[in-house]
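S.K.:
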Amino acid sequence: MTADRMTPGGLDGWVEDGAHHYLLRVQFEDTDAGGIVYHANYLAFAERARSAYLRCIDIRQEETMAAGAEDSMMFVVRRLSIDYMRAAGLGAALKVETRLQSLRGASMTLIQEVINFENGHILARLLVDIGCVAAGRDGGARPRRMPSAVVERLRAATPPDTAPG
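The numbering used here puts the first residue of the sequence shown at 4, with every later residue one more than the last.
1. Within a Cβ cutoff of 7 Å, which residues of the same chain sit near His24, ignoring the five residues on either side of it in sequence?
2. Based on the DSSP secondary-structure assignment, which residues constitute the bridge partners of Gly135?
3. Can you give me the C-alpha to C-alpha distance between Asp35 and Ala96, rounded to a whole angstrom?
4. Report yes if the CB atom of Leu126 is closer than 7 Å to the CB atom of Gly38, and no otherwise.
5. Whole angstroms is fine: what's the gap from Leu57's alpha carbon to Pro150's?
6. Secondary structure at Ala160, three-state DSSP: helix, strand or coil?
7. Do Met111 and Ile85 have their CB atoms nearer than 7 Å?
8. Would you say Leu83 and Val136 are within 7 Å of each other, going by their C-beta atoms?
9. Does DSSP put Gln64 in a helix, in a strand, or in coil?
10. For Arg89 and His42, which I take to be in contact (beta-carbon distance under 8 Å), what is that distance rounded to the nearest angstrom?
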């Protein structure tokens, strides 16, 4: 892991106290005609943060998808729920915090919060169930257990007192 990815201000955010922290600023393209973040864009913010989290802990999705036929894998969102609490507007500084809630053989659950960086208010909370599937060349995606190296990296990013079973 490079220092850039593990410290505040790095392109992919940083991991601290069992959470991944990802910063972004609301751009014009993220808002509706009233200058408020369009509801679906919270999902995009969370997706970017999840990808950055994996990169921060040295899980490169582009590499795991391209691995040999037997070793290839990818993560897919199985279920997602979102609670909207407050709105964000154009120019707002946001932080997406991602925490591993549970880890199972072929899946994991993440809790993500989109937070106003200036005042700490939670704007949206997401519960995301993610499955691990074999990335088949035939376009099929069958469930598969996560490779042990992936599980080890996920556990290493989570302090012992918060590590899922």
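For each residue, glycine too, the CB sits at the ideal point set by N, CA and C.
M.R.: In this structure, then:
1. Gly16, Trp17, Lys98, Glu100
2. The identity of residue 135 in the sequence shown is Cys, whereas the question assumes Gly. Partner(s): Phe78.
3. 17 Å
4. no
5. 14 Å
6. coil
7. Not in contact: Met111 and Ile85 (Cβ atoms no closer than 7 Å).
8. Going by C-beta atoms, Leu83 is not nearer than 7 Å to Val136.
9. helix
10. His42 and Arg89 do not touch by the CB rule: their CB atoms are close to 12 Å apart, not below 8 Å.
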